[in-house]
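So the protein lines, in turn, are chains A and B. Quick note: the first sequence uses the numbering used here, first residue 1, plus one each step. Quick note: the second sequence uses the numbering used here, first residue 1, plus one each step. Written below as structure tokens is the structure these notes are about.
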Amino acid sequence: MTHVLVVENLIKTYPAFRLGPVSFKVEAGSIMGFIGRNGAGKTTTLKSILNIAHPNSGTIRYFGQELPGNERAIKQRVGFAGGAADYYPRKKIADIIAVTRNFYDNWDDAAYLKYMDIFSIDPQKTPRELSEGMKVKLNLAIALSHHAKLLILDEPTSGLDPVSREELLEIFSALKERGVAILFSTHITSDLDKCADHITYIRKGELIASDTMESFLSGHRMRGEGSNLEEIMLHYEKEDYHDKFAE
Amino acid sequence: MINLLNKELRLSAHLLSFLFLAFSLMALIPGYPILLGAFFICFGLFQTFQNGRETNDVLYSALLPIDKKDVVKARYIFICLIQIIAFILMAGLTALRMVFLANAAPYVNNAMMNSNPVFLAWTLLIFALFNTLFVGPFYKTAYKFGKPFVAFIVASMLVICIAEVFHHLPGLEFLNTLDRLPLQLMLMLFAMAIFVLTTIISCKTAQRNFELLDL
Chain A
1 MTHVLVVENL
11 IKTYPAFRLG
21 PVSFKVEAGS
31 IMGFIGRNGA
41 GKTTTLKSIL
51 NIAHPNSGTI
61 RYFGQELPGN
71 ERAIKQRVGF
81 AGGAADYYPR
91 KKIADIIAVT
101 RNFYDNWDDA
111 AYLKYMDIFS
121 IDPQKTPREL
131 SEGMKVKLNL
141 AIALSHHAKL
151 LILDEPTSGL
161 DPVSREELLE
171 IFSALKERGV
181 AILFSTHITS
191 DLDKCADHIT
201 YIRKGELIAS
211 DTMESFLSGH
221 RMRGEGSNLE
231 EIMLHYEKED
241 YHDKFAE
Chain B
1 MINLLNKELR
11 LSAHLLSFLF
21 LAFSLMALIP
31 GYPILLGAFF
41 ICFGLFQTFQ
51 NGRETNDVLY
61 SALLPIDKKD
71 VVKARYIFIC
81 LIQIIAFILM
91 AGLTALRMVF
101 LANAAPYVNN
111 AMMNSNPVFL
121 AWTLLIFALF
131 NTLFVGPFYK
141 TAYKFGKPFV
151 AFIVASMLVI
161 CIAEVFHHLP
171 GLEFLNTLDR
181 LPLQLMLMLF
191 AMAIFVLTTI
201 ISCKTAQRNF
211 ELLDL
């Protein structure tokens, strides 16, 4: 199986937080669920692999190429969307696209029109006029218009209503079938039950596991640590506040 | 770089950065500290930084398939573009005043600075201060602009005060007259060299800082 992203021993240290070492691999045409509770280090990991935060150590390889020295070429084939990424909210989408398209060698206007149509996005609107779900779809449309082979999505379903979440998950599954790999960070584990092939789980900056969904679930099930992602996360994370208050 | 400059002009730039070019006209106001025009042009450019922070411009740019240091270079080119346009406008107005309004009473009796090559030299110094004290330090965080802008305000106001005082000092009256033009032009060329040199150094430092930054 071809790996589109290989992360090995990634370490990032802040004064009050240490991430890693984190290692995982994302296969072409698969969905990697990247889970952990709020503050576990998911966004730090994604920022590090996008080189917008600088890891202290570790190697990051996309499509067999090391990130340092190949960033321009790699980013031609990678798309990013995140709940927090809300660019130029008062500019017309058409104007944003007119600028953005020039940066990508493989920009495909036909694909862009197709995805804007599929996602029902009006290019004459501004991003601030879009719902949160539509903003994620806009970022997906941009990524798919330059034929990104890997989508890195930071909490794309957080804060969305159940219908929008369901729609996005369906889109992710359709993209997977078309050979697109998705690295999808979330703390809403039920989203991953429906679509993820692999799971990487971090807790307080430390890697707990990175495995196929099947193996991850069966291992924990056998040890009686839960039978689905939510139960497994609760097993690791739940703090006993009854005891704490009693102290 | 062309694509990044296109992004600067169409997405990043705030409208006031362009509109405030009109403050170049202050070069013709008699009885007024006309160097404030240069300050207001920089204030217009400041709006682009404020706008950039509100629109996630830095993150958008850093995620593009480009070298990160070019994000900073494109911003400097945009700033210099506005400053050069302002300088050309002011230079044109200065030439008009010196040729056609040389003997006009409001300028002859003006206790404040009149536009001449020395005024243009001071203008370039104010632009250099903006690039060095505000733009460069901004890229240490790509977020915090309060302290750098206050530093620029204090320094530029000081320069404006010094400029207005200097031409009243004995022996320095030529700074505000129409004679000794060659010397005035030399001072302008000297200021131009300072502007170019400090801007290049500031840009290189900002590029280095920006590349080390965790966004």
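C-beta: ideal position from N, C-alpha, C; glycine also.
Is residue i helix, strand or coil when you go by DSSP?
{"i": "B/I160", "result": "helix"}
{"i": "A/V180", "result": "coil"}
{"i": "A/N228", "result": "coil"}
{"i": "B/S61", "result": "helix"}
{"i": "A/D211", "result": "strand"}
{"i": "A/T13", "result": "strand"}
{"i": "A/L5", "result": "strand"}
{"i": "A/H198", "result": "strand"}
{"i": "B/T198", "result": "helix"}
{"i": "A/R203", "result": "strand"}
{"i": "A/T186", "result": "strand"}
{"i": "B/K144", "result": "coil"}
{"i": "A/H220", "result": "helix"}
{"i": "B/I29", "result": "coil"}
{"i": "B/M112", "result": "coil"}
{"i": "B/P170", "result": "coil"}
{"i": "B/M1", "result": "coil"}
{"i": "B/N209", "result": "helix"}
Can you list, in chain order, the residues of its chain with a C-beta nearer than 6 Å to that of residue i? Leave out the 5 residues immediately preceding and following it.
{"i": "B/T199", "result": "N131"}
{"i": "B/V58", "result": "A142"}
{"i": "A/N139", "result": "A81"}
{"i": "A/L19", "result": "K12, G41, T44 and G205"}
{"i": "B/A191", "result": "A121, L124 and L125"}
{"i": "A/A141", "result": "Y115, M116 and F119"}
{"i": "B/A202", "result": "Before going further, note that residue 202 of chain B is Ser rather than Ala in the sequence given. Closer than 6 Å at the Cβ level, and outside the excluded window around B/S202, lie N131, T132 and G136."}
Can you name, in chain order, every residue of its own chain whose Cβ lies under 7 Å from the Cβ of residue i, other than the five neighbours on each side?
{"i": "B/T219", "result": "It is not possible to answer for residue 219 of chain B, since the shown part of chain B is limited to 1 through 215."}
{"i": "B/H167", "result": "M113, E173, L175 and N176"}
{"i": "B/I85", "result": "L21"}
{"i": "A/I208", "result": "Y201, I202 and Y236"}
{"i": "B/F138", "result": "F49, F145 and P148"}
{"i": "A/S173", "result": "C195"}
{"i": "A/I31", "result": "F172, K176, I182, F184, C195, A196 and D197"}
For residue i, I'd like the list of residues in its chain whose CB is within less than 8 Å of its CB, leaving aside the five on either flank, ordered along the chain.
{"i": "B/I77", "result": "M1, L5 and E8"}
{"i": "A/N38", "result": "H187"}
{"i": "A/G179", "result": "A28, G29 and K149"}
{"i": "A/P123", "result": "K92, I93, A94, I97 and M116"}
To the nearest whole angstrom, what separates the beta carbons of residue i and residue j, a pair I think is in contact under 8 Å?
{"i": "B/T48", "j": "B/S24", "result": "Not a contact, Cβ separation roughly 18 Å."}
{"i": "A/I202", "j": "A/K42", "result": "7 Å"}
{"i": "B/L89", "j": "B/G44", "result": "Contact flag wrong, Cβ pair sits at about 13 Å."}
{"i": "B/A163", "j": "B/L35", "result": "6 Å"}
{"i": "B/E211", "j": "B/K73", "result": "In fact, because the Cβ distance is near 12 Å, the residues do not count as touching under 8 Å."}
{"i": "A/E129", "j": "A/L160", "result": "In fact, because the Cβ distance is near 17 Å, the residues do not count as touching under 8 Å."}
{"i": "B/L215", "j": "A/I52", "result": "4 Å"}
Report the residue ranges of all alpha helix (DSSP H) runs contained in full by the segment 93-175 of chain A; include only those spanning at least 4 residues, in chain order. 93-100, 109-118 and 132-145
Extract the residue ranges of the beta strand (DSSP E) inside the segment 19-99 of chain A, only unbroken runs of 3 or more that lie entirely within it. 31-35, 57-62 and 78-82
Using a Cβ-Cβ cut-off of less than 8 Å, list which residues of the segment 206-230 of chain A approach chain B; keep chain order. none
For the segment 79-113 of chain B, which residues have a beta carbon sitting closer than 8 Å to at least one beta carbon of chain A? none
Counting only Cβ-Cβ distances shorter than 7 Å, please list the residues of the segment 44-72 of chain B near chain A, keeping chain order. T55, N56, L59, Y60, A62, L63, L64, P65, I66 and D67
Residues of the segment 2-30 of chain B in Cβ contact with chain A at a cutoff of 7 Å, in chain order, please. N3, N6, K7, R10 and L11
Determine which residues of the segment 76-92 of chain A have a Cβ less than 7 Å from any Cβ of chain B, and write them out in chain order. Q76, F80, A85, D86, Y87, Y88, P89 and K91
Which whole runs of the alpha helix (DSSP H) in the segment 34-92 of chain B are 4 residues long or more, in chain order? 36-54 and 57-62
Could you please tell me which residues of the segment 140-166 of chain A, in chain order, have their CB closer than 9 Å to any CB of chain B? H146
Between the segment 12-24 of chain A and chain B, which residues of the former have a C-beta closer than 7 Å to a C-beta of the latter? none
Under 9 Å (Cβ pairs) to chain B, residues found in the segment 97-131 of chain A: A98, V99, T100, N102, F103, Y104 and D105
Can you give me, in chain order, the residues of the segment 191-206 of chain A that have a beta carbon less than 8 Å from any beta carbon in chain B? none
Residues of the segment 50-77 of chain A whose Cβ lies closer than 7 Å to any Cβ of chain B, in chain order: L50, I52, A53, H54, R72, K75 and Q76
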